[in-house]
Amino acid sequence: MANTFSALKRMRQTKRKTLINRLRKSRLRHQIRSVRRLIEQKDAKGAQAALPVTFSVIDRSARWGIIKKNTAARYKSRIQARLKALAAA
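Residue numbers (this note's numbering): 52 to 140.
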């Protein structure tokens with residue numbers, strides 16, 4: 052247990068930021084999951100409509116440090132590739 056004022060304050064800040072980061076990561080996962088479900092259901096129009104929102108959430112997560120920059124790029128690339136394959140089929 053911390054016993055200095057600065058350490059106690061740091062614990063409070065960490066607890067608050069951990070909660071915020073958990074919410075942001077959850078929002079990211081839900082958004083990616085929803086687009087993947089639309090692609091699996093072969094709903095190209097719905098997935099295309101959800102794409103800008105999803106990319107925005109991915110980019111913001113990378114900027115906030117929830118995920119790394121390359122991870123964000125990989126997510127976006129794979130979603131885009133699946134959508135392109137769906138449109139071609």
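Using N, Cα and C, we set each Cβ at its ideal position, and we do this for glycine too.
Residue i to residue j span [Cα, whole Å]
| i | j | result |
| --- | --- | --- |
| arginine 133 | isoleucine 90 | 7 angstroms |
| leucine 70 | arginine 63 | 11 angstroms |
| lysine 76 | alanine 95 | 25 angstroms |
| serine 12 | isoleucine 118 | Residue numbering for the chain in the displayed model covers 52 to 140; residue 12 lies beyond these limits and cannot be assessed. |
| arginine 84 | asparagine 121 | 19 angstroms |
Assigned exposure category for residue i - 16 Cβ within 10 Å defines buried
| i | result |
| --- | --- |
| isoleucine 59 | According to the sequence displayed, residue 59 carries leucine and not isoleucine. The residue is exposed, with fewer than 16 neighbouring Cβ atoms inside 10 Å. |
| alanine 124 | exposed |
| serine 57 | exposed |
| alanine 136 | exposed |
Candidates the options: closest to residue i by CA position
| i | options | result |
| --- | --- | --- |
| valine 104 | Leu79, Ser128 and Asn121 | Leu79 |
| isoleucine 109 | His81, Lys93 and Ala100 | His81 |
| phenylalanine 106 | Lys127, Arg88, Gln92 and Ala139 | Lys127 |
Same chain, Cβ closer than 7 angstroms to residue i, neighbours up to 5 away in sequence not counted
| i | result |
| --- | --- |
| tryptophan 115 | Arg75 |
| arginine 61 | none |
request  = May I have a chain-ordered list of the alpha helix (DSSP H) segments no shorter than 4 residues that lie completely inside the segment 57 to 133?
outcome  = The qualifying runs are 95 to 115.
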